[in-house]
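Remarks on the structure that follows.
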Amino acid sequence: MWKDWVRPFVRPLPQWSAVAVVPAAPLVTAALRWDGQAVDVTADHTVASLHPLTIASSVDGGARPVLEYRDGASGRLLGRLQLVRDSSLAAGVAPLAFYRVEAGEHRCLAWPLRPWNAWLQNRGMAKHAASNHLNMPPAAAQQLMIAYLCPRPVVLVSVAAEEHRNIFPMDLIGPLERSGLYSLALRSTNVSEPVLRDVRKVALSHVPAAMKGMVYKLAAHHRQPPQDWNGLPLPLRPSREFGIPVVAGALRIQELAIVHSQIIGSHTFFLARTISSEDREEAAQLHHTAGFHQAYRRRRHQALPEV
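Numbered according to our numbering, the sequence shown spans residues 302 to 608.
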């Protein structure tokens, strides 16, 4: 219909799309390129902080590498981030490289819609700066959307200590494959951040896409832990090794032992080793991706199911 064609020219695409993805062959691949070399980092790069926007990887790409995202089926270039190695940051427990994002571009939309959509989105972010939970400059938010070309799973993070228990959603997570570590970037203002640094144990519940509404309600727990655990919308059970409350209907449960934490700008970056992993069911899991990536897939009749 003509309305579907004209709509992107009068209002911006959503910044983010909540989609259902069955973990399998990656829909989008990521490669770090420098000095004529290229290394697949699809399972070896993660967001370490939002402000400043920082990427972590087990791969050392030198001083100024480029992170490229390509369609997993066609190999078509979808976007790239220009990175700058931050030599002031080091993990200590493993040889990791940290990169500041200097610039970025995507090719999911055709010219002139691409810059026009970015302008509309940036105008909206500036207009609603007070309610923008990312608290990022518009240019950095555009670069973050490029990092979400690889759809990122949404998990519920469970923390338990003697006098503190909490469960809240996160998507700034992921493996750093070559190091054997798993990372979480938690906003330092989260009420459970000091507890997590102290107890050094955490459990992740990978949830079905159908649970999106219930998962989003738990976002309030970033500021205040639940007072009535019996009143939570999701049935819970103890995790296998730690006994931390996890989602009974989760598709996968991971228990992680934290081996390192450090503050990077707006976030505390945690590194952990996997203690146990229960893969209970292979089904569509809740993920986030960039709105312009979903628009790219929709034009090719390959849109991911939205939830």
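No residue lacks a Cβ here, since even glycine has one placed at the ideal position from N, Cα and C.
Cutoff 6 Å; reference residue i; Cβ partners in own chain excluding five residues on either side
i      : result
Ala339 : Ala332
Gln563 : Phe570
Arg541 : Ser577
Val547 : Ser459, Ala504, Ser506, Ser540, Ile554
Val342 : Ala331, Leu333, Ser358, Val360
Pro327 : Thr343, Gly373
Pro315 : Gly592
Beta-carbon contacts of residue i that lie in its chain and below 7 Å, excluding the five residues immediately before and after
i      : result
Arg501 : Ala558, Ile559
Asp336 : Gly363
Pro313 : Asn418, Leu421, Gln422, Gly425
Ala319 : Lys513, Leu587, His589, Glu607, Val608
His522 : Asn467, Ile468, Phe469
Ala584 : Val323, Pro509, Leu552
Glu582 : Leu552
Exposure label - residue i; buried when at least 16 CB within 10 Å
i      : result
Lys304 : Confidence at Lys304 is low in this model, with a pLDDT of 48, below 50, so its placement is unreliable and no value can be given for it.
Glu607 : exposed
Tyr517 : exposed
Arg601 : exposed
Arg598 : buried
Pro396 : exposed
Val248 : Outside the modelled stretch of the chain, which goes from 302 to 608, sits residue 248, for which no answer is possible.
Val394 : exposed
Ser375 : exposed
Pro452 : buried
Val323 : exposed
Ser389 : exposed
Met302 : Unreliable placement is indicated for Met302, whose pLDDT of 49 sits below 50; the coordinate value is still reported in the next sentence. Answer is exposed; the Cβ neighbour count stays below 16.
Asp372 : buried
Pro413 : exposed
His568 : buried
Reduced DSSP category for residue i - H, G, I as helix; E, B as strand; rest coil
i      : result
Val360 : coil
Ser567 : coil
Arg501 : coil
Gln449 : Note that residue 449 corresponds to Tyr in the displayed sequence, not to Gln. If DSSP states are grouped into helix, strand and coil, Tyr449 belongs with coil.
Trp317 : strand
Arg598 : helix
Ala573 : strand
Asp305 : Only weak support is given to the placement of Asp305: the predicted model assigns it a pLDDT of 49, under 50, and the question is left unresolved by the model.
Glu607 : strand
Val329 : strand
Pro526 : coil
Val311 : helix
Ala374 : coil
Leu560 : A quick correction: the sequence has Val, not Leu, at residue 560. Val560 falls in the strand class under three-state DSSP.
Pro495 : helix
Ala521 : helix
Beta-ladder partner(s) of residue i, from DSSP
i      : result
Phe399 : Ala357
Phe469 : Val458
Gln338 : Trp335
Gly393 : Partner(s): none; Gly393 has no beta bridge.
Gln383 : Val367, Ala404
Asp580 : Arg553
Thr343 : Per DSSP, none; premise fails for Thr343.
Val438 : Here residue 438 is Pro; the residue named in the question, Val, does not match the sequence. In the DSSP output, where bridge partners are listed per residue, Pro438 has none listed.
Pro611 : Shown here, the chain extends from 302 to 608; a query on residue 611 therefore has no answer.
Continuous alpha helix (DSSP H) stretch holding residue i: start and end
i      : result
Leu414 : 414-428
Val516 : 513-518
Element boundaries [beta strand (DSSP E), containing residue i]
i      : result
Ser350 : 346-351
Pro476 : 474-477
Ser484 : 482-488
Leu587 : 586-591
Arg538 : 537-539
Val323 : Run containing Val323: none; DSSP gives neither H nor E here.
Pro546 : 546-548
Contact set for residue i: own chain, Cβ-Cβ below 8 Å, skip 5 residues either direction
i      : result
Asp387 : Thr355, Phe399, Tyr400, Arg401
Glu464 : none
Trp530 : Arg466, Leu537, Pro546
Tyr483 : Ile474, Gly475, Pro476, Leu477, Gln555, Leu557, Leu572, Ala573, Arg574, Thr575
Ala625 : Because the chain spans 302 through 608 in this model, residue 625 falls outside it and cannot be assessed.
Leu379 : Val329, Tyr370, Arg371, Asp372, His407, Arg408, Cys409, Leu450, His594, Tyr597
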